[in-house]
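In my numbering, the protein residues as written are 589 to 936.
Backbone N, C-alpha and C fix where the C-beta goes; we use that ideal spot for every residue, glycine too.
To keep things clear, I will list the structure first and then write my remarks on it.
Pasting the structure below:
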């Protein structure tokens, strides 16, 4: 909400505000200089992506967000970041997280998720901090603040990673399903001035680690390794396991967030209500998710229905050849070897 000034009032920026404005100008100046020197590769949605601190980012959107995050974001000890590589279940987990931590505030019969996209119940950090709102507007959000992000763990400043109270909830998914889902999604958003990205082209780029927020394996391992060192700060979830036993993982989520379900809540079916409210089919068939849009940037407007393609486990195998599947599985095994993380085994 913006406040209006009476006609006779004048606004004189404080020295602190002047310094902040100068800092922003310095960041954007650095961005413009950096943009000319960063490595480039073919993009999925746009003509190209750039490599910044080992992660491939959209130069017009995510790169700006990363710089503002690192230089201007002011964390609070109660912040929680829902993180995931693109097309790994972010939309679904976003609804589960919001419904779980806010269950005492809303009745299920008139819940905000019935009329509001999961993408609008709390901010997508990567674009929020530079496009819709100034970074400073985040200070006005009520605590505990929830943010969604696709940034890798390494991109976050130490002020966030080292904060004693801030937490991350990370979800990851079979890379074969991620690849196919992302390919479908990006072709819907891809500039009409660019040729359609074929599955073979997307596959080769993905295997080389080149896609927005990639490489995929480095993204997963960044959060996994951090969680091994600080399990109380980072909860790792596997999409396939959450799909198989959503109630079990909703309770894990509540425990991790410090709002465990009481015996009365469990007996009263609150966990089941949350699972049903946030089920893929329920969300997909809501009017807001069939006809509404989500705006992530002035040039990036996404139909809400595009976030709900299938959500199935194993769908990637319906599109990939045996050779593609073998190659992806080999890369995954090689990348995860010795880390304690493997796709086929349940998380401990």
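- In this model, residue 865 and residue 835 are separated by some 12 Å (Cα to Cα).
- Distance between residue 683 and residue 701, taken at the CA atoms: about 7 Å.
- The alpha-carbon of residue 808 is positioned some 9 Å away from that of residue 924.
- Excluding residues up to 5 positions away in sequence, 688, 848 and 849 lie with their Cβ nearer than 7 Å to the Cβ of residue 842 in the same chain.
- Within the same chain, and ignoring the five residues on either side of residue 664 in sequence, the residues whose Cβ sits closer than 7 Å to its Cβ are 731 and 733.
- Between the stretch 610–628 and the stretch 753–761, the count of C-beta pairs closer than 8 Å stays below three; the two stretches do not touch.
- By the Cβ-count criterion, residue 617 is exposed, with fewer than 16 other Cβ atoms from all chains shown falling within 10 Å of its own Cβ.
- Sequence-distant partners of residue 729 (beyond 5 residues in either direction) whose C-beta falls short of 7 Å from its own C-beta are missing from its chain.
- Residue 825 and residue 840 have their C-alpha atoms spaced approximately 10 Å apart.
- Residue 766 and residue 804 do touch by the CB rule: their CB atoms are close to 6 Å apart, below 8 Å.
- Per the coordinates, the alpha-carbon of residue 768 lies some 27 Å from the alpha-carbon of residue 686.
- CA-to-CA, the gap between residue 903 and residue 798 works out to about 22 Å.
- Per DSSP, residue 632 has no beta bridge partner at all.
- The C-alpha of residue 740 lies about 21 Å from the C-alpha of residue 844.
- As the crow flies, the alpha-carbon of residue 783 is around 41 Å from that of residue 667.
- For residue 672, the pairing in a beta bridge is given by DSSP as 759.
- The Cβ atoms of residue 653 and residue 714 sit closer than 7 Å to each other.
- Less than 7 Å divides the Cβ of residue 638 from the Cβ of residue 626.
- If you look at residue 645, you'll find it in the beta strand (DSSP E) that goes 643–645.
- For residue 736, the pairing in a beta bridge is given by DSSP as 670 and 712.
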